[in-house]
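Going by UniProt numbering, the residue at position 20 of the sequence shown is 20; the numbering climbs one at a time, nothing skipped.
The C-beta atom is built at its ideal place from N, Cα and C for all residues, glycine as well.
The model shown is predicted, which means the values in this text are computed figures rather than measured ones.
I have placed the structure first, in the form of structure tokens, so that the comments after it can refer back to it.
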Amino acid sequence: MKAPTKAQLARAGRRDRIVAAAREIAEVDGWPAVTVRRLADTIGFSQPVLYGHFPDGRDGIIRAVALDGFGRLAELLTAADGLGELCAAYLDFARAAPATYEAMFSMPTDLEFARPTTPEQLRAGFAPLLAAMGDETGAEILWSALHGLADLSRHDRLRPGHAAARVDMLIGLFRPGRLPS
1 MKAPTKAQLA RAGRRDRIVA AAREIAEVDG WPAVTVRRLA DTIGFSQPVL YGHFPDGRDG
61 IIRAVALDGF GRLAELLTAA DGLGELCAAY LDFARAAPAT YEAMFSMPTD LEFARPTTPE
121 QLRAGFAPLL AAMGDETGAE ILWSALHGLA DLSRHDRLRP GHAAARVDML IGLFRPGRLP
181 S
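Have a look at this one:
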């Protein structure tokens with residue numbers, strides 16, 4: 001495989017700057033503040049440059065932020081040692097990057113989960129859950145529970161002083177022999 005050209009590296013660098021700026025704006029001001037015009041002003045590119053990288057505009061940028069988020073989440077979950085650390089890493093990520101988490105799971109995108117066309121970043125994000133549980137159904141149940149805890153906590157729907165107890169209880173529910181086989 002050939003090494004990337006300077007032009008390809010420059011293009012990738014511009015794309016990365018666009019995604020990073022969108023994520024930063026969303027984390028501070030929310031997704032409604034992320035517009036192609038604001039991004040162009042923030043990073044000093046013209047709007048046509050942004051559309052050159054993301055022909056579908058804001059939707060493509062949100063998709064790219066989501067994919068980047070899945071890649072970052074996969075790294076954190078893969079580094080976790082045991083189910084407790086995995087759960088903590090997932091919930092810490094959701095808490096630390098709420099706009100990215102929202103792009104990954106709540107905003108409309110064309111990302112397909114559990115399909116032959118599922119992007120590699122999504123598969124990588126699911127792989128540590130699958131490894132921890134040993135089967136897809138168990139991994140989906142764990143993911144669903146973690147997502148519910150993350151989303152309910154983000155919207156202040158749960159008692160804040162009980163976060164650790166909820167995670168401990170969740171881990172207890174997934175003890176070997178506790179789930180049907």
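In the three-state reduction of the DSSP assignment, Ser153 falls in the helix class. In the pairwise beta carbon analysis, the stretch 115-131 is classified as touching the stretch 54-74: at least three pairs are separated by under 8 Å. Between the stretch 150-170 and the stretch 94-102 there are three or more inter-stretch CB-CB distances shorter than 8 Å, so the stretches are counted as touching. Taking Ala66 as the centre and dropping the five residues before and after it, the same chain places the C-beta of Ala103, Met104, Thr109, Leu111 closer than 7 Å to its C-beta, in chain order. Just measuring C-alpha positions, the residue of Pro48, Asp41, Ala89, Ile18 sitting nearest Leu129 is Ala89. In the three-state DSSP reduction, Phe54 falls in the coil class, being neither helix nor strand. Met107 carries a coil assignment under DSSP once its states are collapsed to helix, strand and coil. Between Ile25 and Arg38, the C-beta gap is smaller than 8 Å, which places the two residues in contact. Assigned with DSSP and collapsed to three states, Thr100 falls in helix. An exposed status is given to Gly172, since fewer than 16 other beta-carbon atoms sit within 10 Å of its beta-carbon. Pairing Gln47 with Val34 gives a Cβ-Cβ distance that is not under 8 Å. In its chain, beyond the 5 residues on either side, Leu170 have a beta carbon closer than 7 Å to the beta carbon of Ala145.
Here Leu91 is actually not in contact with Ala132; their C-beta atoms are around 14 Å apart, not less than 8 Å.
The three-state reading of DSSP puts Arg15 in helix, counting H, G and I together.
In this structure, Phe174 and Leu83 form a Cβ contact; the two beta carbons are roughly 6 Å apart against a cut-off of 8 Å. In the three-state reduction of the DSSP assignment, Gly30 falls in the coil class. Closest in alpha carbon position to Ile18, among Asp29, Lys6, Phe54, is Phe54.
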